[in-house]
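Residue numbers (the working numbering), protein chains in the order written: chain R, 1 to 338; chain V, 1001 to 1427.
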Amino acid sequence: MDMLKGGRYSLRPELPPHLALGVSKDKVMLKTCVIMSIPLILGVLAIGWEALWQFLISAGTVLILHTIIQFWESQTGRRVSYPTTLSPLVLAMIVGLSMPASSPYTVTVGVAGLAMVVFKYLQGRLFTRKFVNPAAAAKAVLLTVLTLMIFLEDPLRLGMLYHPHHLRLDLLSSTGFTEAIAFYETNTLTAVQSLFFWKTHGWIGGASGLGTLVAGIIACFWIRLKWRIPLAFLGAMAVLSAGMGFFTGGDPISRIALHVFTGSTIFLAFFMASEPQSTPMPEKSQYLFGIALGALTFVLQLAGVLGGSIIALVILNLFTPWFDKIGHKRAIGMKGGN
Amino acid sequence: MRRYYEEKQGFKIDAEMKLDLEKDPFEEIPPPPVATVFLDQHVGSPGKPLVKEGDRVLTGQKITEGEEALTLPVHSPITGRVTGFVELRHPISGSMKQAVIIEAEGEEGWLLMEKYPDFKSLTVQEIIGRVREAGIVGLGGAAFPAHIKLSRGADVDHLIINAKESDPNLACDVRLVLERPEELINGIEIMAHALEVEQVIFATRTEEGELHQFEKFLKERGIKIAHIRPSYSVGSERLLVRELLGREVPADQFPPDVGVVVHNVATCLATTEAVVEGKPLISRGITFYSRKTGGKNLWVRMGTPVEHILNYMGISSESIDRVVLGSIMMGKGAPDLRTPLVKCFAGVVALTSDEHTPYENPYPCIRCGYCDAICPVDIYPSLLLEALEKGKTETLDILNIDSCIDCNLCSYVCPSSIRVNPKQRAR
Chain R
1 MDMLKGGRYS LRPELPPHLA LGVSKDKVML KTCVIMSIPL ILGVLAIGWE
51 ALWQFLISAG TVLILHTIIQ FWESQTGRRV SYPTTLSPLV LAMIVGLSMP
101 ASSPYTVTVG VAGLAMVVFK YLQGRLFTRK FVNPAAAAKA VLLTVLTLMI
151 FLEDPLRLGM LYHPHHLRLD LLSSTGFTEA IAFYETNTLT AVQSLFFWKT
201 HGWIGGASGL GTLVAGIIAC FWIRLKWRIP LAFLGAMAVL SAGMGFFTGG
251 DPISRIALHV FTGSTIFLAF FMASEPQSTP MPEKSQYLFG IALGALTFVL
301 QLAGVLGGSI IALVILNLFT PWFDKIGHKR AIGMKGGN
Chain V
1001 MRRYYEEKQG FKIDAEMKLD LEKDPFEEIP PPPVATVFLD QHVGSPGKPL
1051 VKEGDRVLTG QKITEGEEAL TLPVHSPITG RVTGFVELRH PISGSMKQAV
1101 IIEAEGEEGW LLMEKYPDFK SLTVQEIIGR VREAGIVGLG GAAFPAHIKL
1151 SRGADVDHLI INAKESDPNL ACDVRLVLER PEELINGIEI MAHALEVEQV
1201 IFATRTEEGE LHQFEKFLKE RGIKIAHIRP SYSVGSERLL VRELLGREVP
1251 ADQFPPDVGV VVHNVATCLA TTEAVVEGKP LISRGITFYS RKTGGKNLWV
1301 RMGTPVEHIL NYMGISSESI DRVVLGSIMM GKGAPDLRTP LVKCFAGVVA
1351 LTSDEHTPYE NPYPCIRCGY CDAICPVDIY PSLLLEALEK GKTETLDILN
1401 IDSCIDCNLC SYVCPSSIRV NPKQRAR
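Below, the structure written as structure tokens:
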């Protein structure tokens, strides 16, 4: 009976499981960075060093703020929200790649800072999860605010979302569309070729539509991102633009090229719209989310807001809790799904 | 044998722990000098003690008994003297439960039950009575009294023998098939006789020809053998029934409700031993694993303390931080080195303090959806976790928490190192 007394026998009685796949959040983030290097490199090659500067400014801003926040958290005894730089680095890449190369550096710094402090750190702290995509929300909010600052010399141009040149476009007519797409022509490439392969302006992350598409497909397999959202989003955009092509008498391929392969659509599809925290979990809901995002983006594009996909995304993000309640699979052993 | 099992969406489960262990013969561990026998070793109420302090008991002697349908007797695993009763933390429930302490004394002597080599002459009720008297539980891990499952004959048309052994650390079932094929065949026939079923299916993760002798026996008796793709989740009896027969077991019911009884292959052997040889359930085959020694199939008496197993394996108990009892995916950690083996544990894994638990520093859920993608019963662990964390218990039913089979695959894939385990959290 004596052997039943004494502390040397105690073990740590942990709950199961005791085995893990070993795919940590950091590994997922690192893979994301590697994948996003593809559009970054292609962006720099197509657009030039300006693209790299945009990325470096975004990365610098985010990483400085991350260091300050981390220091403050550790000094005040709070749990460190992001123990490594990988998650902030992913945010920095998304912000950098979602900016046009022509963006004023101060605007890039503003978007990156707002995204890091308010929409990544504070949103995560206050709500335990993110309801809106940090990069999209920061960009939508800051650019809208800049647009509304009518005392500035050229608020529309500075805000970039409601760019005066874009607002003058008439994408509802065949001739208006032809004028719009001509903007993408280069000395060596037609507008369609340029949109598919090699753009010299617009979102850095979408400089090569095809390259970003390939990077996105790699992400679907490698980090298992929510592939149904980009599929449904791009699918909806393709169907709507082809339909518009037929309806207005234009070339459907050109329509698809402009609406689907513009940087704000193709980059957002894979690297912002599928962001896990702010998007629905049920598979059917992911399709619905993608379709709704496509429809709203398309409407905004027709209205001349060519980068309207981020506004559409932020709006749809807010409906994610509702999307989470619908489209459930039927569980095994249960009668019906939701 | 494979190094990985593949789950839904191509997620892989590391099966290195059991790699080639099918070739490792059972080694019988000498009985412990002191056995700690929990009175409660099965689903249902424990029996009342039949012994008192100072009593001398023989190996196989009944030490508890009860009248209730779900109550099973427990037998002494060694010959010796009862030195007392203690309250110890139970390795399954985690609560304090009564155990009998028996100290080995003198030559080993057995108290066997009546033997029935010609089991076919027994009536169904006699077989069920023998199985109950031997204290047999489902040895696959559920610990449900086996005689109850043998009593559900009326609407049952299929008996499935589960040798799928899908847990990443267990290989003792396949080893059993290789070492004791004739006794297993007898066990299957006894069960089929009791259930009066026409169709018996033997489900295994092995490939055709790997269990050569046993497969021959099965063929001779017209028993179907199903070689199932190696995967962890399909080992669950609900999913096994679905995989083999296409029948879905409602979440609030059990396989017999859809006409199927599933018994683990080790339960078949225990049944043969009970009916044919008159031996109650006092020992079983387990797979032991530690990084220091690698894997080993062992034959161990119930009531053997974990420390005795470690000593036998040449492992200093001081170097051990955690001991997992049963499946590495579903088994709880033993609270204590004195924790004894109970009937339903098919494995023991000893982990040192260098082997950190992967779930030590969880981070907030990032809603990556990996858990939803891998879930074998198609529920949404991510949404269940969210509801549980917010205290929205009313939504748990809407999210079908009852379908959860506690497989823990949701935790296994979590990049945020969260023990998601929705059902466990809800308890």
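Ideal Cβ positions, reconstructed from N, Cα and C, are used throughout, including at glycine.
Since the model is a prediction, treat every value here as computed from it, not as a measurement.
Check this for me: beta carbons of residue 983/V and residue 1411/V, under 8 Å apart or not? Residue 983/V is absent from the model: chain V starts at 1001 and stops at 1427.
The segment 1318-1329 of chain V touching the segment 1254-1270 of chain V, judged by at least three CB pairs closer than 8 Å: no
Is the beta carbon of residue 1330/V closer than 8 Å to that of residue 13/R? As a position in the first sequence, residue 13/R is number 13, starting the count at 1. As a position in the second sequence, residue 1330/V is number 330, starting the count at 1. No, they are not a contact pair.
My guess is that residue 1183/V and residue 1272/V are in contact by the Cβ rule of under 8 Å, so how many angstroms apart are they, rounded? Translated into the one-based positions of the second sequence, residue 1183/V becomes position 183. Translated into the one-based positions of the second sequence, residue 1272/V becomes position 272. About 5 Å; that satisfies the 8 Å criterion.
Selection from 1211/V, 1169/V, 1108/V, 1120/V that minimises the alpha carbon distance to residue 1196/V: Taking the first residue of the second sequence as 1, we reach residue 1196/V at position 196. Per the Cα distances, 1120/V.
Between residue 1412/V and chain R, is there a C-beta pair that is closer than 8 Å? For the purposes of this step, residue 1412/V is identified with residue 412 of the second sequence, where counting begins at 1. Yes, residue 1412/V counts as interfacial toward chain R.
Check this for me: beta carbons of residue 1174/V and residue 1192/V, under 8 Å apart or not? Here residue 1174/V refers to the residue found at position 174 of the second sequence. Here residue 1192/V refers to the residue found at position 192 of the second sequence. Cβ distance not < 8 Å, so residue 1174/V and residue 1192/V don't count as in contact.
Using 10 angstroms around the beta-carbon of residue 1123/V, count the other beta-carbons present and answer buried if the total reaches 16, otherwise exposed. For the purposes of this step, residue 1123/V is taken as residue 123 along the second sequence, with counting starting at 1. Per the 10 Å Cβ criterion, exposed.
Taking Cβ-Cβ distances shorter than 9 Å, what residues in chain V pair up with residue 129/R? Locating residue 129/R in the first sequence gives position 129, where the first residue counts as 1. Going along chain V in sequence order, the residues near residue 129/R (Cβ under 9 Å) are 1364, 1365, 1366, 1367, 1386.
Could you run through the segment 1106-1131 of chain V and flag, in chain order, every residue whose CB is less than 9 Å away from some CB of chain R? none
By the 10 Å Cβ neighbour count, where 16 or more other Cβ atoms means buried, how is residue 74/R classified, buried or exposed? Residue mapping note: residue 74/R aligns to position 74 of the first sequence, counting from 1. Counting Cβ neighbours within 10 Å, residue 74/R comes out exposed, since fewer than 16 surround it.
At least one CB of chain V closer than 8 Å to the CB of residue 19/R: is that the case? What you label residue 19/R is simply residue 19 of the first sequence in a count that begins at 1. Yes, contact with chain V.
Between residue 256/R and residue 234/R, what straight-line distance do the alpha-carbon atoms span, to the nearest angstrom? Position 256 of the first sequence, counted from the first residue, corresponds to residue 256/R. Position 234 of the first sequence, counted from the first residue, corresponds to residue 234/R. Approximately 10 Å, taken between the alpha carbons.
So residue 1334/V contacts chain R; which residues on that side make the cut at Cβ distance below 8 Å? In the second sequence, counting from the first residue as 1, residue 1334/V sits at position 334. The contacting residues are 11, 13.
Looking only at its chain, what residues have a beta carbon closer than 6 Å to the beta carbon of residue 1043/V, apart from the 5 residues adjacent to it on each side? What you label residue 1043/V is simply residue 43 of the second sequence in a count that begins at 1. Closer than 6 Å at the Cβ level, and outside the excluded window around residue 1043/V, lie 1143, 1144.
Please state whether the Cβ-Cβ distance between residue 294/R and residue 215/R is less than 8 Å. Here the question's residue 294/R lines up with position 294 in the first sequence. Here the question's residue 215/R lines up with position 215 in the first sequence. Contact: no.
Alpha carbon to alpha carbon, how far is residue 1333/V from residue 1425/V? Give it in angstroms, no decimals. Residue 1425/V sits at position 425 when you count from the first residue of the second sequence. Residue 1333/V sits at position 333 when you count from the first residue of the second sequence. Cα to Cα, residue 1425/V sits roughly 16 Å from residue 1333/V.
Going by DSSP, what residues sit across from residue 66/R in a beta bridge? By 1-based counting over the first sequence, the position of residue 66/R is 66. None, per the DSSP bridge assignment.
Going along the chain, which residues of its own chain have a beta-carbon closer than 6 Å to the beta-carbon of residue 1235/V, five neighbours each way excluded? As a working mapping, residue 1235/V is identified with position 235 in the second sequence. Excluding residues within five positions, the ones whose Cβ falls inside 6 Å are 1164, 1166.
Candidates 52/R, 321/R, 95/R, 125/R: closest to residue 78/R by CA position: Here residue 78/R corresponds to residue number 78 of the first sequence, with the count starting at 1. Out of 52/R, 321/R, 95/R, 125/R, 125/R has the C-alpha closest to the C-alpha of residue 78/R.
In three-state terms, what does DSSP make of residue 1145/V? As a working mapping, residue 1145/V is identified with position 145 in the second sequence. Residue 1145/V falls in the strand class under three-state DSSP.
Within-8 Å CB hit, residue 74/R to chain V: Indexing the first sequence from 1 puts residue 74/R at position 74. No, its Cβ sits nowhere closer than 8 Å to a Cβ of chain V.
Can you tell me which of the three DSSP states residue 1312/V falls into? Taking the first residue of the second sequence as position 1, residue 1312/V is located at position 312. DSSP places residue 1312/V in helix when its eight states are reduced to three.
Measuring CB atoms only, is the segment 168-176 of chain R touching the segment 109-118 of chain R, in the sense that at least three cross pairs come out at less than 8 Å? no
Closest to residue 1093/V by C-alpha separation, out of 1008/V, 1100/V, 1402/V, 1344/V, would be which residue? To locate residue 1093/V, count along the second sequence from 1; it is residue 93. Among 1008/V, 1100/V, 1402/V, 1344/V, the Cα nearest to that of residue 1093/V belongs to 1344/V.
Contained alpha helix (DSSP H) runs [length at least 4] in the segment 207-250 of chain R, N- to C-terminal order: 209-222, 228-248
Determine the closest residue to residue 1188/V out of 1204/V, 1172/V, 1156/V, 1223/V, with distance taken between C-alpha atoms. Residue 1188/V sits at position 188 when you count from the first residue of the second sequence. For residue 1188/V, the nearest C-alpha among the options comes from 1223/V.
Flag this pair as yes or no: are the beta carbons of residue 201/R and residue 100/R separated by less than 8 Å? Position 201 of the first sequence, counting from 1, holds the residue named residue 201/R. Position 100 of the first sequence, counting from 1, holds the residue named residue 100/R. Result yes, Cβ atoms of residue 201/R and residue 100/R sit closer than 8 Å.
Does any CB atom of chain R fall closer than 8 Å to the CB of residue 1424/V? Residue 1424/V sits at position 424 when you count from the first residue of the second sequence. Yes - at least one Cβ of chain R is within 8 Å of the one on residue 1424/V.
Mind checking if residue 216/R is an interface residue toward chain V, Cβ cutoff 8 Å exclusive? Residue mapping note: residue 216/R aligns to position 216 of the first sequence, counting from 1. Closer than 8 Å: no.
For residue 5/R, which three-state DSSP category applies? Along the first sequence, read from residue 1 onward, the residue named residue 5/R stands at position 5. Low confidence applies to residue 5/R: its pLDDT is 42, below 50, so where it sits in the model is not reliable, and the reading given next is rough at best. The answer is coil: DSSP assigns residue 5/R none of H, G, I, E or B.
The segment 44-57 of chain R / the segment 204-215 of chain R touching (three or more Cβ pairs under 8 Å): yes
Contact list for residue 331/R against chain V, beta-carbon separation under 8 Å: As a working note, residue 331/R is residue 331 in the first sequence. In chain order: 1251, 1377, 1378, 1379, 1400, 1403.
Can you give me, in chain order, the residues of the segment 272-288 of chain R that have a beta carbon less than 7 Å from any beta carbon in chain V? 276, 277, 281, 282
Candidates 1352/V, 1127/V, 1381/V, of which the one nearest residue 1151/V by Cα: Looking up residue 1151/V in the second sequence gives position 151. Measuring from the Cα of residue 1151/V, the nearest candidate turns out to be 1127/V.
Give me the residue from 199/R, 20/R, 9/R with the minimum Cα distance to residue 1371/V. Taking the first residue of the second sequence as position 1, residue 1371/V is located at position 371. The candidate whose alpha carbon is nearest that of residue 1371/V is 20/R.
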